[in-house]
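This report refers to the structure that appears directly beneath it.
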Amino acid sequence: MDEKMKFVNHHVAHALSSYYVSGFDRSNIVSLDGYGGSDSGILAIAEGDDLRVVKSIPNRNSWGHLYGEITSKLGFKSHSDEGKVMGLAAYGQHDENEFNFIEWGGDIPVIDKKGFKKYLSGVTPRKPGEELNQHHKDLAATVQHTLERAALQMSSYLRNISGSENLCVSGGCALNCSMNGVLLRSDHVENIFIQPAAHDIGTALGAAVSVYKDVVGHRPDIVLEHPYYGPDYTNEQVEFELKKYKLSNFKKCNDIARETATLIADNKTVGWFQGRMEFGPRALGGRSILGNPKNRDMKDIVNKSIKGREPWRPFAPSFLAEDYCDYVKQPYNSPFMIIAFQAIEEKVSEIASAAHIDNTVRVQSVRKEVAPRYWELINEFKKITGVPALLNTSFNVAGQPIVCTPRDAIMTFFGCGLDYLAIEDYLVWK
């Protein structure tokens, strides 16, 4: 074996992908996955460069697997559609007695494998295309509430051991924005960090920082403040692609942010392709579809004519970092759109199409020094409308990955109902 080859435990990689780039000197860590070797997660305490695993969570007690199985019973695809269940949960009422195969009395909750299997055998799966009824919505609410309750119990257990109120969350379950919001609002969490690629993709980051520490002797001196680590393209490369497809409806703009903001304020939808692509599954102003959050109909417009998504699935707002505190309760720095906040009721009308039915919002806070062009766009929109936010969703259509290259952006733009494409300094229309 090549002596330069180093192996990092799956869940340790998850944990370090969050803690080592969090800026915390000490923290509790909850890492929850579907599977990863013989375990489905770990609970750990970190201080300085050191990580101590307090409990390993075996595969038979997998919270990601539980959520995935219910996702499948609801007629969706496990390992990819869990976000749909999270969105659907807001339309239902949870039942504390539904999942009687879970034991809550110990330090951390335990799933009885046989009881879970028996429960699943009694659940009639929803057929593809079958209308969602209240039972389906209630089941979604129940599995969501159960995950939140489990995460709360586990994080509280760690706080009682360490005394720390810092929390890092990782693993596939950490993409659950609603769970993260509940954790942040709990009385045992003061500070929280979740990196944008919290799922298995992020283990590459975790393995890298782990090996860095082993080789150099200390953790890397970095704090992950933005996700823009993907490829970027020049105006010359963009123009080459536009001309290659013999397009004529485009122009080069002196101020693409101002022109785009004017279009969005006029209720036009825009594909926004700027700078480096995001690391992780969330579009955060590098490869985004944008709309007017004040327009209550914009959610349905984007879901139906552009994304091809279910009508009940929510979108999220990108806010100027200096202004979002006026719109949410208990604000907290949220650059990765990975925490659901409770909106201030009287402000919801200003972001109507970017708030969920339960008045929660998955905020992205945009700082000028981190994403200057995206910040300028939102600021120009604010000058026109008075609202310091845009509706933001990933630049892709159902079943397709987020666009990466100019060619991807052009093909997707002409294959869906988007009105405009703002790609670097070029504005394209149909």
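Quick note: the sequence shown uses this note's numbering, first residue 16, plus one each step. All residues carry an ideal CB built from backbone N, CA and C; glycine is no exception. Keep in mind the model is a prediction, meaning the values are calculated, not measured.
Asked                                                                                                                                                        : Found
Pull up the distance between the alpha-carbon of Leu-520 and that of His-150, whole angstroms please.                                                        : The first residue shown for the chain is 16 and the last is 445, placing residue 520 beyond what the model contains.
Look at the alpha carbon of Leu-66 and the alpha carbon of Ala-59, and state the distance between them as a whole number of angstroms.                       : 7 Å
Assuming the contact rule is C-beta atoms closer than 8 Å, Gln-210 and Leu-220 should be a hit. Round their C-beta distance to whole Å, please.              : 7 Å
Can you list, in chain order, the residues of its chain whose CB lies under 8 Å from that of Tyr-50, leaving out five sequence neighbours each side?         : Asn-74, Ser-77, Gly-79 and His-80
Between the alpha carbons of Ala-437 and Tyr-342, how many angstroms are there, rounded?                                                                     : 28 Å
In the stretch 165 to 211, which residue ranges form an unbroken beta strand (DSSP E) of at least 3 residues, counting only runs that do not cross its ends? : 181 to 185 and 206 to 208
Apart from the five residues just before and just after Asp-152, which ones in its own chain have a Cβ nearer than 7 Å to its Cβ?                            : Per the sequence shown, residue 152 should be read as Lys rather than Asp. The residues are Leu-103, Tyr-106 and Gly-107.
Hey, would you say Phe-294 sits closer than 7 Å to Tyr-244, going by beta carbons?                                                                           : yes
Less than 7 Å separating the beta-carbons of Thr-284 and Leu-433?                                                                                            : yes
Relative to the C-alpha of Ser-320, which candidate in Met-292, Leu-31 and Asn-411 has its C-alpha closest?                                                  : Asn-411
Just to confirm the assignment: which complete alpha helix (DSSP H) runs, minimum length 4, are found wholly within the stretch 237 to 291?                  : 250 to 259 and 271 to 280
Taking the DSSP output, what are the residues bridged to Gln-379?                                                                                            : Ser-333
Look at the alpha carbon of Gly-90 and the alpha carbon of Lys-228, and state the distance between them as a whole number of angstroms.                      : 44 Å
Can you give the beta carbon distance from Leu-442 to Glu-274, rounded, assuming they're within the 8 Å contact cut?                                         : 6 Å
Could you tell me if His-233 is buried or exposed, where buried requires 16 or more neighbouring beta carbons within 10 angstroms of its beta carbon?        : exposed
Are the beta-carbon atoms belonging to Ser-303 and Pro-350 less than 7 Å from one another?                                                                   : no
Measure the alpha-carbon distance for Gly-137 versus Gln-159 and round it to whole angstroms.                                                                : 20 Å
Quick one: give me the first and last residue of the beta strand (DSSP E) that Leu-299 is part of.                                                           : Here Leu-299 belongs to no beta strand (DSSP E), and DSSP marks it neither H nor E.
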